[in-house]
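**Student:** Residues in the sequence shown are numbered consecutively from 58, following our numbering.
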Amino acid sequence: MPVKATAISPANIAFIKYWGRKEGTEDKDVIPSNGSISMNIDNCYTVTTTEFSSRYKEDEIWIQFFGQNPQRVTGSQFERVIAHVNRFRQLNNCDLKIKVVSENSFPSDAGIAASASGFSALTMALAGAFKMKLKLKELSILTRLAGSGSACRSVIDGFVEWRVGYNSETSYAIQIAPPEFWDLADLVVVVKDEKKEFSSLHGHSVAHTSPFYKRRLELLKKRIPLVRKAINKKDLFLLGELIEEDAVELHLVAMSSKPPIFYWNEGTMEVIHFLRQIRKNGLLGYFTIDAGPNVHIICLQKDLEKIDKEVKRLKNVLFTIKNSPCVGTRLISKHLF
Ligand code: DP6
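1) Considering only residues of the same chain and omitting the five flanking positions on each side of Pro164, which have a CB-CB separation below 7 Å?
2) Work out the CA separation of Tyr75 and Ala170 for me, nearest whole Å.
3) Determine the closest residue to His308 out of Arg78, Ile118, Lys291, Ser257, with distance taken between C-alpha atoms.
4) Is it the case that the region 260-267 contacts the region 308-327, given that we only count it when at least three CB pairs across the two stretches are under 8 Å?
5) Mind checking which residues open and close the beta strand (DSSP E) that includes Asp240?
6) Only counting runs of 3 or more residues, tell me where the beta strand (DSSP E) segments fall wholly within the region 81-149, in order along the chain.
7) On the DSSP bridge assignment, give the partners of Leu388 in chain order.
8) Please report how far the alpha carbon of Leu371 lies from the alpha carbon of Val328, in whole angstroms.
9) Are the region 81-99 and the region 273-283 touching, with three or more C-beta to C-beta distances below 8 Å?
10) Please report the Cβ distance between Glu218 and Arg285, rounded to the nearest whole angstrom; I am assuming they are in contact, meaning their Cβ atoms lie under 8 Å.
11) If distances are taken between C-alpha atoms only, which option among Pro235, Gly81, Pro127, Ala71 comes closest to Cys209?
12) If you measure from the CB of Asp347, is any heavy atom of the ligand DP6 nearer than 8 Å?
13) Can the beta-carbon of Asn351 be found less than 9 Å from the beta-carbon of Gly168?
14) If you drop the 5 nearest sequence neighbours on each side, which residues of the same chain put their C-beta closer than 6 Å to that of Glu306?
15) May I ask whether a heavy atom of the ligand DP6 can be found less than 8 Å away from the beta carbon of Lys74?
16) DSSP puts Asn161 in a beta bridge; with which residues?
17) Report the partner residues of Thr325 according to the DSSP bridge assignment.
18) Give a yes or no on whether the C-beta atoms belonging to Ile354 and Leu244 are separated by under 9 Å.
19) DSSP three-state label for Asn289, please.
20) Report the partner residues of Ile70 according to the DSSP bridge assignment.
21) In angstroms, rounded to a whole number, what distance separates the CA positions of Cys151 and Met58?
22) Evaluate contact between the region 287-301 and the region 222-231, counting only Cβ atoms and requiring at least three cross-stretch pairs below 8 Å.
23) Does the region 196-209 touch the region 227-235, meaning 3 or more C-beta pairs lie closer than 8 Å?
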């Protein structure tokens, strides 16, 4: 019999971004066209409780963002979660209905995809419900298959690399360094609080239509080992240059895809200019930007307060979230219901 199980999992910020699916692979297998590297971030996490029971007459999914009332999940989001639940039902020969409740530590308007933390927490809670003894590699693969590929990186502690692999069994995340290895910080700078216009899912599907897509894949052959090296040597100067290059390239590909996708806004540019300015004064902060306008500033913990205070003075900044590197997905004993 399955048991009630609860998992906690962080979001992650990519230093090298996953953008586009590997040619010739099926979308459902979620195999990326390039390897990616990220850091788990401690203040942006999801807690998920799952319970299979004959008491439930239908599948029920609830989600609660920080400071908001719980909302019942319906439509395509519901279908996506249930497809993943069905994978576990099949693996464990179970036909009981499920109740899933998920809580996010960050506001829904933070522009941080709740899918990485959400799908990794869901996968671990489902595995926990069936008391499945999974190796980290297996958990990372199962999480990847949930649909949000970047979620497979949240499973592993600290600084993480998702290796492309050559098929579904070989595409998973591994550790580069534990969280305490380097006292980096990620300051999320929110400059827009509306829902993003284009999902990453859409971005992945049109990435190959950009004339710069293949070029980016070429450039990544050198950049990925250099980012690994920057982490291993704790070299923020090198890391900063590489992550900015990588973020700009992702957006270059997005902006030149057919049809084009524009994520940046005035606030994005304001933060980029701000960082260039503070670097001239010796304060090291570097930007990276996911599929939206908000900026993640990567800096050392010792400079975090100062950068936070200064960035908040900018015209377009709504709020910030301070993060440290952290461990990956875990089962916990405190259930949400
Ligand atoms: C730009 O397909 O993993 O964040 O989590 O829904 O955004 P979401 O989907 P996913 O794409 C992630 C795209 C990215 C880069 C990255 O995190 O590697």
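Every residue gets a Cβ at the ideal spot worked out from N, C-alpha and C, and that includes glycine.
**Tutor:** The structure says:
1) Phe122, Phe123, Gly124
2) 14 Å
3) Ser257
4) yes
5) Asp240 -> no beta strand (DSSP E), and no H or E assigned at all.
6) 93-110, 117-121
7) Ala64
8) 8 Å
9) yes
10) 7 Å
11) Ala71
12) yes
13) Asn351 places its beta carbon less than 9 Å from that of Gly168.
14) Arg273
15) yes
16) Asn161 pairs with Thr103.
17) Looking at the DSSP assignment, Thr325 forms no beta bridge with any residue, so it has no partner.
18) yes
19) helix
20) Ile70 pairs with Met96.
21) 9 Å
22) no
23) yes
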